[in-house]
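Going left to right, the sequence shown walks through residues 1214 to 1405 as the working numbering numbers them.
Worksheet: the structure to be examined is printed underneath.
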Amino acid sequence: MAKFSLYNISLKNLSFGVHTYAYELDRKFFEAIDGDEVRKGNVKVTVTVKRTSTTFEFGFELKGVVQVPCTRCLDDMDQEVDTRSRLIVKFGKEYSEESDEIVIIPEEEGEINIAWFLYEFIALCIPIKHVHPAGECNRAVSSKLRKHRAVSTDEEETDEELTDDEELSAEEDAQSGDPRWDALKGLSFEDN
């Protein structure tokens, strides 16, 4: 992780109290981290570290914009990032993650690299479904999707006023219902 040495925070000699660090994550960071979801971005990060007698309480504030592939057309799109996270770090014999928020690091090393944590915080705040605003999806892909979509025989033609993106989005929303509840729609509840 030498390419991420900038994100090492030495804890061993850190004085008691609160310490603040600032980072700017750019295209080089996201290329180096080689994550699946985020391709590029510009995110400002503020990290506060509060040292107590036995722990280090990290507070992370991340704000900016990242580029992710559109769920519908797969073209890159901008996604805002605005999240806060926390992490508790303790010294121990070997590295381990006790939970999502508690990390044990070897006391001999005395430092933690937060690069991957920063990437995870960003990836976790991105919605599962992220699409361009209406009318901004790749028209060629949208027309292919419309051409190859499955249409039930009882489905009426959609309103011609809808744009390609709105039409696809409405269909995705309609198809995303829970099949367990859909099966209950056919039940009759008449008093006997």
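We put the beta carbon where it would ideally sit given N, CA and C, even for glycine.
Residue i - DSSP class collapsed to helix/strand/coil
i     : result
S1356 : helix
L1275 : strand
L1227 : coil
S1218 : helix
L1337 : helix
L1331 : helix
R1285 : coil
E1237 : strand
H1232 : strand
E1322 : coil
E1244 : helix
Assigned exposure category for residue i - 16 Cβ within 10 Å defines buried
i     : result
I1315 : exposed
I1341 : exposed
R1352 : exposed
G1348 : exposed
F1229 : exposed
G1305 : exposed
R1285 : buried
A1328 : buried
8 Å Cβ shell around residue i - same chain, five flanking residues per side excluded
i     : result
I1301 : T1268, F1269, E1270, F1271, E1314, I1315, V1316
Beta-carbon proximity list for residue i, same chain, < 6 Å, skipping 5 on both sides
i     : result
V1256 : L1238, L1275, G1277, V1294
S1298 : F1273, F1334
Y1236 : V1258
Q1292 : V1279, V1281, I1339, H1343
V1354 : C1286
E1369 : Bear in mind that a pLDDT of 48 at E1369, under 50, signals an unreliable position, so the model cannot answer this.
Y1332 : I1246, G1248
Proximal residues to residue i (C-beta, below 7 Å), its chain only, five neighbours per side dropped
i     : result
Y1308 : I1317, I1318, P1319
C1338 : V1294, T1296
Residue i - partner residues in DSSP beta bridges
i     : result
I1301 : E1270, I1315
Any chain D beta carbon closer than 8 Å to residue i
i     : result
F1330 : Protein chains in the displayed structure number just one, and chain D is not present.
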